[in-house]
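Quick notes on the structure that follows.
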Amino acid sequence: MARICLILSNPENRRLVAEYLKMLGHDVLSAEDSRTMQLPFDVGIVDGPALVMHEDEIARRKEAERPLVLPFILVTSRSEVGMATRFLWRTVDELLLTPLEKVELQARVENVLIVRRQSAEVGNFLLALSPALIMVMKLDGVVRLWSAAAESLFGKRKEPFHRLPMVGKDEEPLWRELLRRVSLGGSVHCAELPARKKDGTPCVLLVSAAPLRNFNGQVVEALILGVDITEKHLAEAAVREH
């Protein structure tokens, strides 16, 4: 069973779609206002007028869920398909043409749920099992998520999330420079950056970073991959001293 949010401006369409989805065993939210859209759900179904009104909010909601896919289905008429294509892959993932067919509605919902489940499985696999440190960091340094490997090295994230929680004062300027470069749309490849382990001891990371953009193309976050190379760094330093 999935939770589906209906953002449909036509009350009768909203009622009919809700009844059918409930019959299929889904939990249905009817978004009467923007507060409902803040609740957890797996799929959004929206029509043209509602999409125009809530496009920015839908885009922000999709961004907040990343790397998990939050799919939206646009209900539109054949005559308005041309208008609808400007939303495709930006805020909308599937089209559903009116008049609505129950079989088509069911198929579209099942298709996007498969995509959501697969994105969750891949994301969970990478975050849980990857030996690399994976972080999604906002441009102000707030860590939105990090992998089990990062948690093992740096400790559990605390809420409210701290800016650059694994960085001491002396190391912060180097990480700020990395985020500045990413904010300009650039990528960073194999940079050695200092950090602090959860017990406060210093470490050295080999870091690569790339920009994550919102649906308007604006860089909003950095995807950071890192490897702890502290032992290699110390070994090389010892060789140089001798």
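Read in our numbering, the sequence shown has 137 at position 140, and its numbers run on one by one without any break. Note that CB positions come from ideal geometry on N, CA and C, so glycine has one too.
Let's see if you can read the secondary structure: which residues bound the alpha helix (DSSP H) around residue i?
i, result
"Lys19", "Pro8 to Met20"
"His230", "Thr227 to Glu238"
"Met50", "Gly45 to Glu62"
"Phe151", "Ala145 to Phe151"
"Glu107", "Lys99 to Leu126"
"Ser180", "Glu169 to Ser180"
On a CA-only basis, which of the options is nearest residue i? Give me that one, please.
i, options, result
"Ala47", "Ser27, Pro162 and Leu220", "Ser27"
"Ile221", "Ala206, Glu91 and Leu176", "Ala206"
"Asn286", "Asn213, Ser6, Val66 and Asn7", "Coverage of the chain is limited to positions -2 through 239, which leaves residue 286 absent and any answer about it impossible."
"Ala145", "Val133, Val139 and Gly138", "Val133"
"Leu110", "Arg12, Trp143, Ile70 and Arg237", "Ile70"
"Pro199", "Asn211, Met163 and Lys99", "Met163"
"Ser127", "Leu94, Val224 and Glu238", "Val224"
"Val139", "Arg173, Thr33, Glu118 and Leu124", "Arg173"
"Val57", "Gly214, Leu13 and Glu228", "In the sequence under discussion, the amino acid at residue 57 is Arg, which differs from the Val named in the question. Checking every option, the nearest Cα to that of Arg57 belongs to Gly214."
"Asp196", "Glu233, Lys229, Lys153 and Arg160", "Lys153"
"Ser116", "Glu62, Arg160 and Thr33", "Glu62"
"Met(-2)", "Gln35, Val25, Leu136 and Lys135", "Val25"
"Met20", "Lys194, Met50, Lys229 and Val100", "Val100"
"Met34", "Gly22, His51 and His23", "His51"
"Leu124", "Lys135, Leu136 and Arg141", "Arg141"
Do the CB positions of residue i and residue j come within less than 8 Å of each other?
i, j, result
"Ile1", "Ile55", "no"
"Arg87", "Asp39", "no"
"Leu209", "Glu218", "yes"
"Leu190", "Leu181", "no"
"Tyr177", "Val185", "Correcting the residue identity first, residue 177 is Arg in this sequence and not Tyr. Cβ atoms of Arg177 and Val185: not closer than 8 Å."
"Ala188", "Leu175", "yes"
"Pro68", "Asp90", "yes"
"Leu13", "Asp44", "no"
Quick test of your reading: residue i and residue j, contact by CB under 8 Å. State the CB separation rounded to the nearest angstrom.
i, j, result
"Leu102", "Leu130", "Actually they are not in contact, since the Cβ atoms of Leu102 and Leu130 sit about 42 Å apart, beyond 8 Å."
"Thr73", "Leu97", "Not confirmed; about 11 Å, so no contact."
"Leu3", "Arg11", "5 Å"
"Asn211", "Glu60", "5 Å"
"Glu169", "Leu161", "6 Å"
For the beta strand (DSSP E) containing residue i, name the first residue and the last one.
i, result
"Lys199", "For clarity, residue 199 is Pro in the given sequence; the question names Lys instead. Run containing Pro199: Pro199 to Arg210, per the beta strand (DSSP E) assignment."
"Pro191", "Val185 to Arg193"
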